[in-house]
Amino acid sequence: MSIGRLKEVRMDRGISQKEIAKLLHTTQQQYSKYEIGIQMLPVEKLVILADFYNTSIDYLLGRTDERAPYPKSILIENSKILIQQ
Numbered sequence: 339m340s341i342g343r344l345k346e347v348r349m350d351r352g353i354s355q356k357e358i359a360k361l362l363h364t365t366q367q368q369y370s371k372y373e374i375g376i377q378m379l380p381v382e383k384l385v386i387l388a389d390f391y392n393t394s395i396d397y398l399l400g401r402t403d404e405r406a407p408y409p410k411s412i413l414i415e416n417s418k419i420l421i422q423q
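Sequential numbering of the sequence shown, starting at 339, is according to this note's numbering.
Right, dumping it as structure tokens:
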């Protein structure tokens, strides 16, 4: 995970670690470990954060600098294809 990206998006919104921890149903101490890269953020929590920040998981992971999320229709269609296989 891109160290600093989680903090960057959180600070851009003016939100505390405690508030994000509540959203993720974890403690502020645990979220802090995710944010500084001591522990990996579970995928299900990445999804919650990507939706909350209206961005992509790739952006949160530092795989792209494009903040815009992928169109939902593409994600939904890809999910349907994967489920059918």
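Every residue, glycine too, gets a C-beta built ideally from N, C-alpha and C.
Grab the span of the alpha helix (DSSP H) containing residue 396 for me, first residue to last. The sequence position of residue 396 within the sequence shown is 58, counting from 1. 395–399 is the span of the alpha helix (DSSP H), which, as asked, contains residue 396.
For residue 348, which three-state DSSP category applies? The residue you call residue 348 lines up with position 10 of the sequence shown. DSSP places residue 348 within a helical segment (H, G or I) once states are collapsed to three.
Where residue 408 sits in the DSSP three-state scheme: The residue you call residue 408 lines up with position 70 of the sequence shown. Residue state, collapsed to three classes: coil.
Tell whether a beta-carbon distance below 8 Å holds between residue 379 and residue 372. Residue numbering aside, residue 379 sits at position 41 when the sequence shown is read from its first letter. Residue numbering aside, residue 372 sits at position 34 when the sequence shown is read from its first letter. Taking 8 Å as the Cβ cut-off, residue 379 and residue 372 qualify as a contacting pair.
Using the C-alpha atoms, what's the distance from residue 374 back to residue 406? Position 68 of the sequence shown holds residue 406. Position 36 of the sequence shown holds residue 374. So the two alpha carbons sit approximately 23 Å from each other.
Measuring straight from C-alpha to C-alpha, what distance separates residue 352 and residue 393? By 1-based counting over the sequence shown, the position of residue 352 is 14. By 1-based counting over the sequence shown, the position of residue 393 is 55. Roughly 16 Å between the two C-alpha positions.
If I follow the unbroken alpha helix (DSSP H) through residue 355, where does it start and stop? Numbered from 1 along the sequence shown, position 17 holds the residue referred to as residue 355. Element bounds for residue 355: 355–361.
Using a threshold of 8 Å, state whether the C-beta atoms of residue 400 and residue 348 are closer than that. As a working mapping, residue 400 is identified with position 62 in the sequence shown. As a working mapping, residue 348 is identified with position 10 in the sequence shown. Not a contact, by the Cβ cut-off of 8 Å.
Taking 7 Å as the limit between beta carbons, can you name the residues of its chain near residue 390, skipping five residues before and five after? The residue given as residue 390 occupies position 52 in the sequence shown. Here the set comprises 361.
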